[in-house]
Amino acid sequence: MVGAARLASAYGAMEYESRAHRIEEVRATAARLIGVPTADVAFVKNTTEGVALVATGLDWLPGDRVVVPDLEFPTVLLPFLALEDRGVEVTRVQPEGGGRTLPLAAFRRAMESGRPPRVVATSWVQYGRGWRTDMAALGELCRDAGSLLVVDAIQGLGAVPADVSAWGADVVVASAHKWLLGPEGIGVLAVSESARTQVRPAHAGWASVAHRGDFADLRLVFDDSARRYEGGTLDVAGIHALGASLDLLDAAGIDAIWTHVCERTDQAVIGLAALGAEVCSDRSDAGRSGIVTFRLPGGSPIDQVAVLASHGIATAARGDGIRIAPHGYTTADEIDHLVGAVGQHLT
Numbered sequence: 043m044v045g046a047a048r049l050a051s052a053y054g055a056m057e058y059e060s061r062a063h064r065i066e067e068v069r070a071t072a073a074r075l076i077g078v079p080t081a082d083v084a085f086v087k088n089t090t091e092g093v094a095l096v097a098t099g100l101d102w103l104p105g106d107r108v109v110v111p112d113l114e115f116p117t118v119l120l121p122f123l124a125l126e127d128r129g130v131e132v133t134r135v136q137p138e139g140g141g142r143t144l145p146l147a148a149f150r151r152a153m154e155s156g157r158p159p160r161v162v163a164t165s166w167v168q169y170g171r172g173w174r175t176d177m178a179a180l181g182e183l184c185r186d187a188g189s190l191l192v193v194d195a196i197q198g199l200g201a202v203p204a205d206v207s208a209w210g211a212d213v214v215v216a217s218a219h220k221w222l223l224g225p226e227g228i229g230v231l232a233v234s235e236s237a238r239t240q241v242r243p244a245h246a247g248w249a250s251v252a253h254r255g256d257f258a259d260l261r262l263v264f265d266d267s268a269r270r271y272e273g274g275t276l277d278v279a280g281i282h283a284l285g286a287s288l289d290l291l292d293a294a295g296i297d298a299i300w301t302h303v304c305e306r307t308d309q310a311v312i313g314l315a316a317l318g319a320e321v322c323s324d325r326s327d328a329g330r331s332g333i334v335t336f337r338l339p340g341g342s343p344i345d346q347v348a349v350l351a352s353h354g355i356a357t358a359a360r361g362d363g364i365r366i367a368p369h370g371y372t373t374a375d376e377i378d379h380l381v382g383a384v385g386q387h388l389t
């Protein structure tokens, strides 16, 4: 990011071509990580912008339905709640097992509770408890119902192998600042070719048209690719930084990262359970993620998180539990440090 800013500062427009070339390299790397064609990928500011593009870009009619899991991060729900004054109905899918899991049957019941939904919107990995949804199975349900599948992938992409083409998802979006290890204010959006015919771009601009760069041509002809959603000038420095993190993840290998994350989360679960902690996250092979949330008797999660922070341990209070999220760089010694601190100060 610093390097890109220095080039722009020193050379201005004289460096434009090299910066533009780098943007397309990063787009291709992001597409490979997500598992979609490069033409499906656009850059956005954040996950919210990507979800909102769908909420504002469809031609809604009164009585249209959206199915969204309950206990979701606000990003997945609020853009659709904002449509209720236009007659759009939002149906919430109820998690099971005390909020630990969200089985496919729960989605099916919600989808069949009224007219077929226009959109099913969900996170791939839920932010609070960390359950992972079977996206390929949900994608099949959505295709059978004629529903668009919109996925917030921020809590999985970068740690869990993804193959969005196999999912059959129509729209997938993730900010860079979580498991992708990138900066704030930039994210990736994947929109399938068929979905691009339904989701109207929110902003028409010089960069969204097929003849970008020909400023004398004032026709509105949207680009066939997902670049139609980019509108104008991008966060070039942010994309360069995202490119660096994507190259790092790509070189390490997502499969190797996922294996490491599973080892560290298993280590944490075993150690915490031995101390009497209640693990709230789904740890099955199909449902696990890099997120583990646990509860400790006595005290509030906010106070407990503060105690762990005083020992240099980064956690988060989520609901009535404490969330940890080991990544590819997390060592076994650091997990031992976490378990030791919990045992010494919180039990």
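Numbering (this note's numbering), first residue to last: 43 to 389. Glycine included, every Cβ here is placed at the ideal spot set by N, Cα and C. Note that the structure is predicted; figures quoted are calculated from it, not measured.
Beta bridge counterpart(s) of residue i as assigned by DSSP
{"i": "Pro111", "result": "Val135"}
{"i": "Ile364", "result": "Phe336 and Ala359"}
{"i": "Phe264", "result": "Val251"}
{"i": "Thr164", "result": "Val193"}
{"i": "Phe257", "result": "The partner list for Phe257 (beta bridge, DSSP) is empty, contrary to what the question assumes."}
{"i": "Gly229", "result": "Val86 and Ser217"}
{"i": "Arg174", "result": "Val167"}
{"i": "Glu320", "result": "Arg337"}
{"i": "Thr373", "result": "According to DSSP, which records beta bridges pairwise, Thr373 is partnered with nothing at all."}
{"i": "Thr143", "result": "Glu138"}
Residue i versus residue j: straight-line alpha-carbon distance, rounded
{"i": "Gly280", "j": "Met43", "result": "6 Å"}
{"i": "Arg61", "j": "Val68", "result": "11 Å"}
{"i": "Ala374", "j": "Gln309", "result": "8 Å"}
{"i": "Ser352", "j": "His379", "result": "12 Å"}
{"i": "Leu125", "j": "Leu119", "result": "11 Å"}
{"i": "Ala315", "j": "Ile196", "result": "28 Å"}
{"i": "Ala179", "j": "Val167", "result": "15 Å"}
{"i": "Ala395", "j": "Phe336", "result": "Within the shown structure, residues of the chain are numbered from 43 to 389, placing residue 395 beyond reach of any answer."}
{"i": "Phe257", "j": "Val263", "result": "13 Å"}
{"i": "Gly370", "j": "His302", "result": "6 Å"}
{"i": "Pro137", "j": "Gly170", "result": "12 Å"}
{"i": "Arg270", "j": "Ser326", "result": "40 Å"}
{"i": "Leu190", "j": "Pro116", "result": "19 Å"}
{"i": "Ile377", "j": "Pro203", "result": "23 Å"}
{"i": "Trp248", "j": "Ser165", "result": "32 Å"}
{"i": "Gly273", "j": "Ala246", "result": "5 Å"}
{"i": "Ser331", "j": "Val278", "result": "31 Å"}
{"i": "Ala187", "j": "Tyr53", "result": "53 Å"}
{"i": "Gly402", "j": "Glu182", "result": "Not covered by the structure: residue 402. The range shown for the chain is 43 to 389."}
{"i": "Ser207", "j": "Ser234", "result": "9 Å"}
{"i": "Arg254", "j": "Gly129", "result": "37 Å"}
{"i": "Asp259", "j": "Ile344", "result": "57 Å"}
{"i": "Ala237", "j": "Val96", "result": "9 Å"}
{"i": "Gly363", "j": "Gly341", "result": "11 Å"}
{"i": "Ser155", "j": "Gly105", "result": "13 Å"}
{"i": "Gly385", "j": "Val349", "result": "12 Å"}
{"i": "Lys469", "j": "Ala152", "result": "Nothing can be reported for residue 469: it is not among the residues displayed for the chain, which extend from 43 to 389."}
Residue i and residue j closer than 8 Å at C-beta
{"i": "Val132", "j": "Leu123", "result": "yes"}
{"i": "Trp300", "j": "Ala201", "result": "yes"}
{"i": "Val161", "j": "Phe149", "result": "no"}
{"i": "Arg142", "j": "Cys322", "result": "yes"}
{"i": "Asp289", "j": "Thr71", "result": "yes"}
{"i": "Asp266", "j": "Val251", "result": "no"}
{"i": "Asp101", "j": "Ala268", "result": "no"}
{"i": "Arg365", "j": "Thr357", "result": "yes"}
{"i": "Asp176", "j": "Leu146", "result": "yes"}
{"i": "Val214", "j": "Val241", "result": "no"}
{"i": "Gly172", "j": "Val334", "result": "yes"}
{"i": "Ala50", "j": "Glu57", "result": "yes"}
{"i": "Leu291", "j": "Phe85", "result": "no"}
{"i": "Arg174", "j": "Gly45", "result": "no"}
Close beta carbons around residue i, own chain, < 6 Å, minus the five adjacent residues each side
{"i": "Ile65", "result": "Ile281"}
{"i": "Asp205", "result": "Gly77"}
{"i": "Ala163", "result": "Val110, Val118 and Val192"}
{"i": "Arg306", "result": "Pro368, Thr372 and Ile377"}
{"i": "Ala73", "result": "Thr80 and Val83"}
Residues of its chain near residue i, where Cβ-Cβ distance is below 7 Å and the 5 sequence neighbours each way are ignored
{"i": "Ile355", "result": "His379, Leu380 and Ala383"}
{"i": "Thr389", "result": "Leu317, Gly318 and Leu338"}
{"i": "Gly224", "result": "Ala218, Ala283, Leu284 and Ser287"}
{"i": "Arg185", "result": "Gly210"}
{"i": "Thr98", "result": "Ala244"}
{"i": "Val311", "result": "Val321, Arg325 and Val334"}
{"i": "Pro158", "result": "Ala187, Gly188 and Ser189"}
{"i": "Gly361", "result": "Gly170"}
Cβ neighbours of residue i in the same chain (closer than 8 Å, five flanking residues each side left out)
{"i": "Leu75", "result": "Leu199, Gly200, Ala204, Leu288, Leu291, Asp292 and Ile296"}
Short CB-CB distance (under 8 Å) between residue i and chain D
{"i": "Ala252", "result": "Protein chain content of the structure displayed is limited to a single chain, and chain D is not contained in it."}
Sufficient close CB pairs (3 or more, under 8 Å) joining the region 84-92 to the region 217-232 | Verdict: yes, contact present.
Between the region 96-113 and the region 292-299, do at least 3 Cβ pairs fall closer than 8 Å?
-> The region 96-113, when compared against the region 292-299, does not touch it at the 8 Å Cβ threshold.
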